[in-house]
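**Student:** For the sequence shown, the residue numbers in my numbering are 3 to 425. Think of the CB as a built atom: it goes at the ideal place given N, C-alpha and C, for glycine as much as any other residue. Please read all numbers here as calculations on a predicted model, not as lab measurements. One structure, as structure tokens, below. Some questions next.
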Amino acid sequence: MITRKRLAAAVCGLLAALAVGLPPAGAAADEPAAKASPKVELVLDVSGSMRARDIDGQTRMAAAKQAFNEVLDAVPSEVQLGIRTLGADYAGDDRKLGCKDTRQLYPVGPLDRTEAKTAVATLAATGWTPIGPALLGAAEDLEGGDATRRIVLITDGEDTCAPLDPCVVARDIAAKGIHLVIDTLGLVPDAKTRNQLRCIAEATGGTYTSVQHTDELSGRVSQLVDRAADPVITPVAREGARQCAGAPQLEAGLYSDREKFAEHRWYRVDVLPGQELRASVSIAADRAVNKDYGVMLRAVTVHGREIVRGAEAGDGRTDVISTGLRYPNPPLEDADGVKPAAETVCLQVSNSFSAPPSVKTDPGLPLELTVDLVGAPDEASDVASFGLGRGWWLLAVLALTGLVAGLLWGWISRWRVAVWRTN
């Protein structure tokens, strides 16, 4: 009996020790998931023109290699980095073969600095400039996962493999909704190269930089790699509908879409009593467009309430045009413990862009929509309480002032006429 009691006590002690050592149920689920490592691929032009000796007394190829060595030494440990080349292998005159000359020199993943530097050291300026195929290859190299993805393109000339226009390739990549940013750097670029690289960068929300010196190249590439490691909010891709009935349901957050020229797109948001919907939209002109365009954001409900906001560019041109609105849903006075029903607000995004006949309008223009739900204003004098803000108050004051001024002027005029007749 004593032996059994001792055995039972020992078992209980063992179970207690295990219970202390094991985490509570559900603890693993509560732990935050590990953050995905950002991915960057450097795409280097190794075409024959890189033999030109005009960067700090050395060839463009030598300057690029020096800059790459400095960049590789400074890559943050959390960044997965890869290298792709274009024009590095085929030196012949066959255009079909030259336009396929792009390959991944170093795979995207944890960086082995010695191995990556050795691979770069073997490069020699060789062939064509297939920028479009290289961008497509780089996009495939970076596929998968939800991490930040960035392509850094370094080239000294424009693409030589048209009709595969790299600007169109960049727009197609952006239209996939994978939030892949392309930054471009031009080595001693001419006007055509600058225009093409700007177009590629603008299509994906990236940046363009003109480079004249080696330190500028290494500094800018390092900056872009570091930027990829910074935490960013990635928009959620949502495709708007042609009418509110079939529109996607949105919650508070940041969303992206593509809107065709002069198109209307609809989205829906549920707003509870006592909440205020704050929405803003931005549309980017990522290609040549005609002057005099605008964007409109409209909020409408089944009860007939409507708020409209818009912005227009006039005769000028801006890369991004934005507008926003606030829609308050007043609180219920007598809820009696019943859960209040949400009011569905239909958001309509419209644009009046048009393009010259030579510009391709497909895919549509990049659109970014921000939705936020906050507490509604308590006082009716709030800016957004009547949809059109303080404009109604100003209109009422002006009307009252005009009425008083008219009555006063009429009385003075009649008095002057009476005095004139008397005299």
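Should R229 and Y210 be called a contact, given that it needs their Cβ atoms to be closer than 9 Å?
**Tutor:** Numbered from 1 along the sequence shown, position 227 holds the residue referred to as residue 229. Numbered from 1 along the sequence shown, position 208 holds the residue referred to as residue 210. In this structure, Y210 does not lie closer than 9 Å to R229 by Cβ.
**Student:** Give the C-beta separation of G89 and D143 to the nearest angstrom, bearing in mind that I take them to be a contact with Cβ-Cβ under 8 Å.
**Tutor:** Along the sequence shown, one-based indexing puts residue 89 at 87. Along the sequence shown, one-based indexing puts residue 143 at 141. About 17 Å separates the two Cβ atoms, so there is no contact after all.
**Student:** Classify S352: buried if its beta carbon has 16 or more other beta carbons within 10 angstroms, exposed otherwise.
**Tutor:** For the purposes of this step, residue 352 is taken as the residue at position 350 of the sequence shown. Buried, since its Cβ has 16 or more Cβ neighbours within 10 Å.
**Student:** What are the boundary residues of the alpha helix (DSSP H) that includes A281?
**Tutor:** Here residue 281 refers to the residue found at position 279 when the sequence shown is read from its first residue. Taken as a continuous stretch (DSSP letters only), A281 belongs to no alpha helix (DSSP H), being part of the beta strand (DSSP E) at 277-286.
**Student:** Thinking C-alpha only, which one of P332, A286, C348, P250 is nearest P2?
**Tutor:** Outside the displayed range of the chain (3 to 425) lies residue 2, so it cannot be described from this structure.
**Student:** Per DSSP, which one or two residues make a beta bridge with V297?
**Tutor:** Residue numbering aside, residue 297 sits at position 295 when the sequence shown is read from its first letter. V297 is bridged to A313, N353.
**Student:** DSSP puts T186 in a beta bridge; with which residues?
**Tutor:** In the sequence shown, counting from the first residue as 1, residue 186 sits at position 184. According to DSSP, which records beta bridges pairwise, T186 is partnered with L155, Y210.
**Student:** Is it buried or exposed for D185, if we count other Cβ within 10 angstroms and need 16 for buried?
**Tutor:** Locating residue 185 in the sequence shown gives position 183, counting from the first residue. D185 should be labelled buried.
**Student:** Report the rounded CA-to-CA distance for D75 versus A164, giving the unit in angstroms.
**Tutor:** Start at 1 with the first residue of the sequence shown, and residue 75 comes out as number 73. Start at 1 with the first residue of the sequence shown, and residue 164 comes out as number 162. Approximately 36 Å between the Cα atoms of the pair.
**Student:** Report, in whole angstroms, the separation of the C-beta atoms of I156 and A64, which I expect to be a contact under 8 Å.
**Tutor:** Stepping through the sequence shown from its first residue, residue 156 is reached at position 154. Stepping through the sequence shown from its first residue, residue 64 is reached at position 62. Going by Cβ atoms, the distance from I156 to A64 rounds to 13 Å, so no, they are not a contact pair.
**Student:** Do the segment 218-238 and the segment 302-322 touch if we need at least three Cβ pairs shorter than 8 Å?
**Tutor:** Counting Cβ pairs under 8 Å, fewer than three are found: no touch.
**Student:** If we ignore side chains and look at the alpha-carbon of each, how far apart do G296 and A54 end up?
**Tutor:** For the purposes of this step, residue 296 is taken as the residue at position 294 of the sequence shown. For the purposes of this step, residue 54 is taken as the residue at position 52 of the sequence shown. One C-alpha to the other measures close to 45 Å.
**Student:** Determine the direct distance from the alpha carbon of L189 to that of T124, and round the result to whole angstroms.
**Tutor:** Counting from 1 along the sequence shown, the entry for residue 124 is found at position 122. Counting from 1 along the sequence shown, the entry for residue 189 is found at position 187. So the alpha carbons of these two residues sit roughly 20 Å apart.
**Student:** Let me know the secondary structure DSSP gives V81 once reduced to three states.
**Tutor:** Residue 81 sits at position 79 when you count from the first residue of the sequence shown. V81 falls in the coil class under three-state DSSP.
**Student:** Could you have a look at S220 and say whether DSSP puts it in helix, strand or coil?
**Tutor:** Counting from 1 along the sequence shown, the entry for residue 220 is found at position 218. Three-state DSSP puts S220 in a helix.
**Student:** Do the segment 168-188 and the segment 110-128 make contact, defined as three or more Cβ pairs closer than 8 Å?
**Tutor:** At 8 Å Cβ cutoff, the stretches do not touch.
**Student:** Along the chain, where does the beta strand (DSSP E) that runs through I440 open and close?
**Tutor:** This structure does not reach residue 440, given that the chain is present from 3 up to 425, and the question cannot be answered.
**Student:** Closer than 8 Å by C-beta to A254: which residues in its own chain qualify, once you throw out the five before and the five after it? Chain order, please.
**Tutor:** The residue labelled residue 254 in the question sits at position 252 within the sequence shown. Hits under 8 Å: V373, D374, L375.
**Student:** Could you tell me the alpha carbon to alpha carbon distance between V273 and H305, rounded to whole angstroms?
**Tutor:** Walking along the sequence shown from the start, residue 273 turns up at place 271. Walking along the sequence shown from the start, residue 305 turns up at place 303. Cα to Cα, the separation comes out at about 13 Å.
**Student:** Roughly how many angstroms lie between the CA atoms of P191 and D158, to the nearest whole one?
**Tutor:** Locating residue 191 in the sequence shown gives position 189, where the first residue counts as 1. Locating residue 158 in the sequence shown gives position 156, where the first residue counts as 1. In a straight line, the C-alpha of P191 is about 6 Å away from that of D158.
**Student:** Quick one: grab the DSSP three-state call for S51.
**Tutor:** For the purposes of this step, residue 51 is identified with residue 49 of the sequence shown, where counting begins at 1. It is helical.
**Student:** Where does the unbroken beta strand (DSSP E) through Q245 begin, and where does it stop?
**Tutor:** By one-based count along the sequence shown, residue 245 stands at place 243. Where Q245 is concerned, there is no enclosing beta strand (DSSP E), given that its DSSP letter is neither H nor E.
**Student:** Return the first residue and the last residue of the alpha helix (DSSP H) that T120 is part of.
**Tutor:** Residue mapping note: residue 120 aligns to position 118 of the sequence shown, counting from 1. T120 -> alpha helix (DSSP H) spans 115-123.
**Student:** Report the three-state DSSP secondary structure of K178 (helix, strand or coil).
**Tutor:** Here the question's residue 178 lines up with position 176 in the sequence shown. DSSP places K178 in coil when its eight states are reduced to three.
**Student:** Rounded to whole angstroms, what is the Cα-Cα separation between Q82 and L327?
**Tutor:** On the sequence shown, residue 82 is found 80 positions in, with the first residue counted as 1. On the sequence shown, residue 327 is found 325 positions in, with the first residue counted as 1. Taking the straight line joining both Cα atoms gives about 40 Å.
**Student:** Spatial neighbours of R62 within its chain, please: CB distance less than 6 Å, with the 5 preceding and 5 following residues excluded, ordered by chain position.
**Tutor:** Mapped onto the sequence shown, residue 62 falls at position 60. M52, A54, D158, L189, listed in sequence order.
**Student:** For a quick check, are the C-beta atoms of R86 and L107 less than 9 Å apart?
**Tutor:** Residue mapping note: residue 86 aligns to position 84 of the sequence shown, counting from 1. Residue mapping note: residue 107 aligns to position 105 of the sequence shown, counting from 1. Yes, the pair counts as a contact, with Cβ atoms nearer than the cut-off.
**Student:** Taking only the alpha-carbon atoms, compute the straight-line gap between K362 and A249 and give it to the nearest angstrom.
**Tutor:** By 1-based counting over the sequence shown, the position of residue 362 is 360. By 1-based counting over the sequence shown, the position of residue 249 is 247. Rounded to the nearest angstrom, the two C-alpha atoms are 27 Å apart.
**Student:** Expressed to the nearest angstrom, what Euclidean distance is found between the alpha-carbon atoms of V302 and A69?
**Tutor:** Counted from its first residue, the sequence shown places residue 302 at position 300. Counted from its first residue, the sequence shown places residue 69 at position 67. Rounded to the nearest angstrom, the two C-alpha atoms are 55 Å apart.
**Student:** With a cut-off of 8 Å on the beta carbons, I'd call L150 and D91 a contact; round off their distance for me.
**Tutor:** Reading the sequence shown from its first residue, position 148 is the one you call residue 150. Reading the sequence shown from its first residue, position 89 is the one you call residue 91. Here the sequence assigns Thr to residue 150, which means Leu is not the residue at that position. Rounded, the Cβ-Cβ distance is 30 Å, inconsistent with contact.
**Student:** If you measure between the beta carbons of Y269 and P237, is that distance less than 9 Å?
**Tutor:** By 1-based counting over the sequence shown, the position of residue 269 is 267. By 1-based counting over the sequence shown, the position of residue 237 is 235. For Y269 and P237, no; Cβs fall outside 9 Å.
**Student:** Once DSSP output is grouped into helix, strand and coil, what is the label at C348?
**Tutor:** On the sequence shown, residue 348 is found 346 positions in, with the first residue counted as 1. Shown here, C348 sits in a strand according to DSSP, grouped into three states.
**Student:** What are the boundary residues of the alpha helix (DSSP H) that includes V73?
**Tutor:** Within the sequence shown, residue 73 is the residue found at index 71, counting from 1. Where V73 is concerned, the enclosing alpha helix (DSSP H) starts and stops at 62-76.
**Student:** Three-state secondary structure (DSSP) at F388?
**Tutor:** Mapped onto the sequence shown, residue 388 falls at position 386. Note that F388 scores a pLDDT of 45, beneath 50, so its modelled location is shaky; the value from the coordinates is reported in the next line. Correct three-state label for F388: coil.
**Student:** Quick check: the Cα distance between D294 and A264, rounded to an integer number of angstroms?
**Tutor:** For this step, residue 294 is matched to residue 292 along the sequence shown. For this step, residue 264 is matched to residue 262 along the sequence shown. Going by the C-alpha atoms only, they are around 12 Å apart.
**Student:** Mind reading off the beta-carbon distance from A281 to L371? Whole number of angstroms is fine, and I expect it under 8 Å.
**Tutor:** What you label residue 281 is simply residue 279 of the sequence shown in a count that begins at 1. What you label residue 371 is simply residue 369 of the sequence shown in a count that begins at 1. That belief holds up - the Cβ atoms of A281 and L371 are roughly 7 Å apart, short of 8 Å.
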